[in-house]
Amino acid sequence: MTLIDPDRWADLSDLAHRHLPAAVAREWLGSVRPAVHLVPAQPGDAVIATLGGSPLLPTHPAACTEWPQWPGHGPLSFVGEVDLEALATSGLDTGLTWPAAGRLLMFFFDGVYDDFESVVDPEDPSSQAGARLIRVTAPPHDCAPTPGATGVRVDPELRLTGRQALTLPESDAPAGPNLFADDETEVAEVDRFYLSLQHFEIQRPSHQIGGWPIAIADETEHEAAIFAVGDDDATDPRFVHDSLQRRLILQIDSTPTSRWGDAGTLYWLTLGPDATDPTSAIFTWQSR
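Heads up: the sequence shown at position 190 corresponds to 286 in our numbering, and the numbers run straight through without jumps.
Below, the structure written as structure tokens:
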């Protein structure tokens, strides 16, 4: 929903208690999740992630990592990477459990390779192969920059550092608080509350690790559940359970030099807060 500075917590608490019944306000505040906001690194900043450029892949034959492909469609584009060791030593809270070593590489079939004939679509679970997370454990000195195939998009490299942030749930988030559990809650007051939250929002782009997803369209947890379960039957207990358990691990926004569709956003979600096997995450994306 919204990414905010932790220093605004007192103001946020005051706002919640001003617009919501006391019990509902407490529940809503308890649902706020920590996240790491990724912002351009300045000289002296610890680099936690990069976007664009060419991925560092192992050069030793025994540890060779092949460039990921979407079978029948073509090679994926390199989105960027997260330095898991730098994240682990940063002292920043993602609300998740991550591996403490290695690098997590992100790939996505953005359509450039086949002139947008192929699209990763939540309504087509087989298209999940159009996005990949690959964990590389080989040290950087055993790796080399690896260019993609001809025709694969390459964005300028952007180094990112991390800032502690808090994220707020959408009013209809699958695992969010029940804002109408109290009969005293008024719809108009909830609307005013969420409208007021926009004044707390950190300026985009909203690249983040952990926290609540900032959806453009439908709930990302529902889209991930469609990929995972294979259908969108909201009455299917498997779909409901999956939606409630999904947790965002990575969110990559569009930037002037890295656009996903029409200024879209990429999301990877796991089941629960355990991200020790991030490569098992389900991918989805949304575009404006």
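The beta-carbon is built from N, C-alpha and C at its ideal position, and this holds for glycine as well.
Cutoff 8 Å; reference residue i; Cβ partners in own chain excluding five residues on either side
i: Ser186; result: Val132, Ala142, Ile144 and Gly258
i: Leu275; result: Leu116, Val120, Trp124, Ser267, Thr281 and Val286
i: Pro294; result: Reading off the sequence, residue 294 comes out as Gln, not Pro. Closer than 8 Å at the Cβ level, and outside the excluded window around Gln294, lie Thr98.
i: Phe288; result: Checking the displayed sequence, the identity of residue 288 turns out to be Arg instead of Phe. Excluding sequence neighbours, Arg288 sits near His115.
Exposure label - residue i; buried when at least 16 CB within 10 Å
i: Gly326; result: exposed
i: Ala261; result: buried
i: Thr233; result: exposed
i: Ala320; result: buried
i: His318; result: buried
i: Gly207; result: buried
i: Ala112; result: buried
i: Gly307; result: buried
i: Arg334; result: exposed
i: Thr331; result: exposed
i: Ala284; result: exposed
i: Ala118; result: exposed
Inter-residue Cα distance where the pair is residue i and residue j
i: Ile345; j: Glu282; result: 33 Å
i: Pro130; j: Pro270; result: 18 Å
i: Thr361; j: Phe212; result: 17 Å
i: Gly244; j: Gln382; result: 24 Å
i: Arg114; j: Ser292; result: 11 Å
i: Leu125; j: Ser109; result: 7 Å
i: Asp189; j: Gln304; result: 11 Å
i: Gly226; j: Gly168; result: 10 Å
i: Pro253; j: Val336; result: According to the sequence as given, residue 253 is Glu; it is not Pro. Near 39 Å, if we compare the C-alpha coordinates of Val336 and Glu253.
i: Leu134; j: Ile298; result: 11 Å
i: Thr353; j: Pro241; result: 20 Å
i: Ala106; j: Val128; result: 13 Å
i: Pro369; j: Arg342; result: 8 Å
i: Gly140; j: Leu183; result: 16 Å
i: Pro154; j: Thr161; result: 6 Å
i: Gln138; j: Pro236; result: 22 Å
i: Ala197; j: Glu181; result: 5 Å
i: Arg255; j: Asp101; result: 21 Å
i: Asp220; j: Trp356; result: 19 Å
i: Phe379; j: Thr351; result: 19 Å
i: Ala377; j: Pro195; result: 14 Å
i: Asp314; j: Trp163; result: 31 Å
i: Thr246; j: Pro136; result: 28 Å
i: Asp279; j: Gly191; result: 32 Å
i: Ala277; j: Leu264; result: 18 Å
Contacts around residue i, its chain only, beta-carbon distance under 7 Å, and the 5 residues preceding and following it disregarded
i: Asp179; result: Val143, Ile144, Ala145 and Arg199
i: Glu177; result: Ala145, Thr146, Pro151, Arg199, Leu200, Leu201 and Met202
i: Pro309; result: Thr316, Leu344, Gln347 and Tyr363
i: Arg384; result: Ile312, Asp358, Ala359 and Gly360
i: Leu340; result: Pro270 and Ala271
i: Arg104; result: Phe296
i: Gly149; result: Glu253
Other residues of its chain near residue i: CB distance less than 6 Å, five sequence neighbours each side excluded
i: Ile322; result: Pro218 and Asp328
i: Val248; result: Pro171, Ser173 and Tyr209
i: Thr375; result: Leu229 and Arg231
i: Ser214; result: His169
i: Gln165; result: Pro171
i: Leu367; result: Gln341
Heavy atom of the ligand GDP within 7 Å of residue i beta-carbon
i: Arg114; result: In terms of ligand content, the structure shown is empty, and the ligand GDP therefore cannot be addressed.
Chain B within 8 Å of residue i, Cβ atoms only
i: Gln341; result: The chain inventory of the structure shown lacks chain B, comprising one protein chain alone.
Assumed close pair residue i, residue j - CB separation to whole angstroms, cut-off 8 Å
i: Val216; j: Ser222; result: Val216 to Ser222, Cβ: 10 Å. No contact.
i: Val286; j: Ser267; result: 6 Å
i: Ala371; j: Thr193; result: 6 Å
i: His156; j: Asp238; result: 6 Å
i: Val175; j: Phe204; result: 5 Å
i: Trp349; j: Arg300; result: One detail in the question is off: residue 349 reads as Asp in this sequence, not Trp. Contact holds; Cβ gap of about 6 Å.
- Query: Taking only runs of the alpha helix (DSSP H) that begin and end inside the region 317-346, which ones reach a length of at least 4 residues, in chain order?
  - Reply: Counting only unbroken stretches of 4 or more residues, the alpha helix (DSSP H) elements lying wholly within the region 317-346 are 333-341, in sequence order.
- Query: Which parts of the region 103-147 are runs of the alpha helix (DSSP H), unbroken and 4 residues or longer, counting only runs that do not cross its ends?
  - Reply: 105-115 and 118-126
- Runs of beta strand (DSSP E) wholly within the region 264-321 (minimum 3 residues, chain order): 303-305
- What are the start and end residues of each continuous alpha helix (DSSP H) run of 4 or more residues lying completely inside the region 146-224, in chain order? 180-184
- Item | Minimum length 3: unbroken beta strand (DSSP E) runs contained in the region 235-260 | As far as the region 235-260 is concerned, its whole beta strand (DSSP E) runs of at least 3 residues are 239-241.
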